[in-house]
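Residue numbers (our numbering): 673 to 1312.
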């Protein structure tokens, strides 16, 4: 008999606590685990006296669920999720819902949404933050995927989520496909940044001011009464004063080599992929990587010198306030960068993200929960189209008030030799963002000098120019690059038109890899025509196809550019940025094809010489005219 409102697969501590949370809010939950003995143990112990029921097989679990069936997976991200999905699908019906509550990569969630949609199953990828305690008493939940599922899970999710203010749940629908897991990924990246910033403040207190652990704990307790009020500041105060069984502080005994599960790295990689300067999270990841080189650092500490360590001679209380302000300003930068990444992802995937709503989801229940997030929600409430948090009046004023302290802390730390990767990168980002003119014009000139990558003039936006910087740049000139670019752009539009036309007249979805191959093949064809005219070399269709195939395999960077471009193939227009993206590799590709054509020409010349020698060596049986005809036929055959 169907009696359970929802099922949960995966009885590790997070899964058990989430089940108990749902039970507390009046929902009947069916528990299942791959090792079925854990189901009985859970029912006999942690879930004893509750309404939780168990199942010893997936078939039994499904039979106990009300329709539409709702199933949460809390298993290890990756193949385990796919394995359970494959086993569940044959047991489910159209409209049933599978929810992945693990730390899955957002692209996997997007793939699963599409695959299950074809089978009539609604798939949701939900970020879950707050750790074991959050799962038990109220996590932050970030669901995304098939929106049709939201009305069927909303009541459960918002009931068990953490509450803030006047009872607002830290849970709302995020967006389509992998949006929920993308937001959770950025949350985890910001968590990396917050933790590293706090560590740098701790390092300055310990090594610059010479403070003891209990004294530092009291400082963090005081800071938790200010705008820095947060879960991480709170637990830092507790950690600093915690003593081991021998009565000594535990923290100094812990090995200074930080681990990571990879979600911070995913955030940094996504930032690079989408061209967003999320520098602070990237530095936080690298700081952990550096910390893991413990043995190397021990050796280096004996060999590498730095500034002479001298006692701090300034005002200790004033410098502590400087550190607090530097921490606050850097924290603002970290969140500003995180929301920049969310905004760019929304553009890339066509998601409609509620940035103020996301800030509210993080306001309670999760690791980065803080009063500070309420200010972010207010900023997006004032201006939903806010381009950057730094441009909001509140945050603009906050950074201005902290700026002098921020710079004093960094300059002091640098002079003494204290590593502060996140403090310094935050200030560098702020200074870069507020500068109207940066020295990137020199980079563009350098790139054009050695690679003919072209540049734009401030007076002629959208026009790409190449300069013959040395006076002996061969046949390369500005005009020689403008015409091919027009052909290149036209070729790309033509390929897109063909792809779109094919989609309209075919039920089959064309594979993106084939679209990339089509674009490469067209481009190689255009460039081969230019090479043919310039080098007086003829290319057969077979030769062009061979070069195209080799180019597709070997020019990995060009393929990556095309992959980014392919995401825009769904649009009917091609922007200037699209053309710039594709044009970046055109020069190196032309050089490669030219090299290949020269190799072919050399090979053909060698074949000619061999045939001529062979024909001259032949005695009798043919006239000179017959010999010449034979050589010509052989050459034509070789070119084909």
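We put the beta carbon where it would ideally sit given N, CA and C, even for glycine. Small disclaimer: the values here were computed from a predicted structure and weren't measured.
- Between residue 680 and residue 722, the C-beta spacing is not below 8 angstroms.
- Under the rule that a run must span 4 or more residues, the alpha helix (DSSP H) segments found entirely inside the stretch 775-818 read 778-789 and 803-809.
- Per DSSP, residue 972 lies in no beta strand (DSSP E) segment; the continuous alpha helix (DSSP H) that holds it begins and ends at 966-975.
- Sixteen is the threshold: since fewer than 16 other Cβ atoms of the shown chains lie within 10 Å of the Cβ of residue 1107, the residue is exposed.
- The C-alpha of residue 791 is placed about 50 angstroms away from the C-alpha of residue 911.
- Minimum Cα-Cα distance from residue 837 among the listed residues 1221, 1032 and 763 corresponds to 1032.
- In the three-state DSSP reduction, residue 762 falls in the helix class (H, G or I).
- As computed with DSSP, residue 772 is found in a beta bridge with 745 and 797.
- Your pair residue 996 and residue 900 checks out as a contact, with CB atoms roughly 7 angstroms apart and the cut at 8 angstroms.
- Under DSSP, residue 847 takes part in a beta bridge, and its partners are 816.
- Assignment of beta-bridge partners to residue 737 by DSSP yields 676.
- DSSP, reduced to helix, strand and coil, places residue 1135 within a strand of the structure shown.
- For residue 703, the beta-bridge partners assigned by DSSP are 680 and 726.
- Counting only runs that start and end inside the stretch 991-1027, there is no beta strand (DSSP E) element of at least 3 residues.
- Counting along the chain, the unbroken beta strand (DSSP E) around residue 1129 starts and ends at 1127-1129.
- Per the coordinates, the alpha-carbon of residue 924 lies some 20 angstroms from the alpha-carbon of residue 1089.
- Here DSSP, grouped into helix, strand and coil, assigns residue 1196 to helix.
- Looking at the DSSP output, residue 835 bridges to 841.
- Taking all protein chains shown into account, residue 928 has fewer than 16 neighbouring C-beta atoms within 10 Å of its C-beta and is therefore exposed.
- Of all C-beta pairs linking the stretch 966-985 to the stretch 1022-1030, fewer than three are shorter than 8 angstroms, placing the two stretches out of contact.
- Around residue 676, the same chain offers 700, 701, 702, 725, 736, 737 and 738 as residues with beta carbons nearer than 7 angstroms, after the five sequence neighbours per side are excluded.
- When only Cα atoms are considered, residue 919 and residue 913 end up about 11 angstroms apart.
- Around the C-beta of residue 861, 16 or more other C-beta atoms lie within 10 Å, and the residue is accordingly described as buried.
- Burial state of residue 1212 is exposed, judged by a 10 Å Cβ sphere holding fewer than 16 other Cβ atoms.
- Assigned with DSSP and collapsed to three states, residue 709 falls in helix.
- Between residue 1040 and the set 1076, 1025 and 1003, the nearest pair of CA atoms involves 1003.
- Among the bridge pairs identified by DSSP, residue 921 is matched with 915.
- The DSSP-derived three-state label of residue 929 is coil.
- Under the three-state reduction of DSSP, residue 1083 is assigned to helix.
- Beta-bridge partners assigned by DSSP to residue 1042: 902.
- By the Cβ neighbour-count rule, residue 716 is exposed, with fewer than 16 other Cβ atoms within 10 Å of its own.
- For the options 714, 971, 787 and 801, the alpha carbon positioned closest to that of residue 1034 is the one of 801.
- Apart from the 5 residues on each side of it in sequence, residue 1116 sits with its Cβ closer than 7 angstroms to the Cβ of 1127 in its chain, given in chain order.
- In the three-state scheme derived from DSSP, where H, G and I count as helix and E and B as strand, residue 1056 is classed as coil.
- Comparing alpha carbon positions, the residue from 834, 932, 970 and 969 closest to residue 956 is 932.
- Residue 823 sits in a helix when the DSSP states are folded into three classes.
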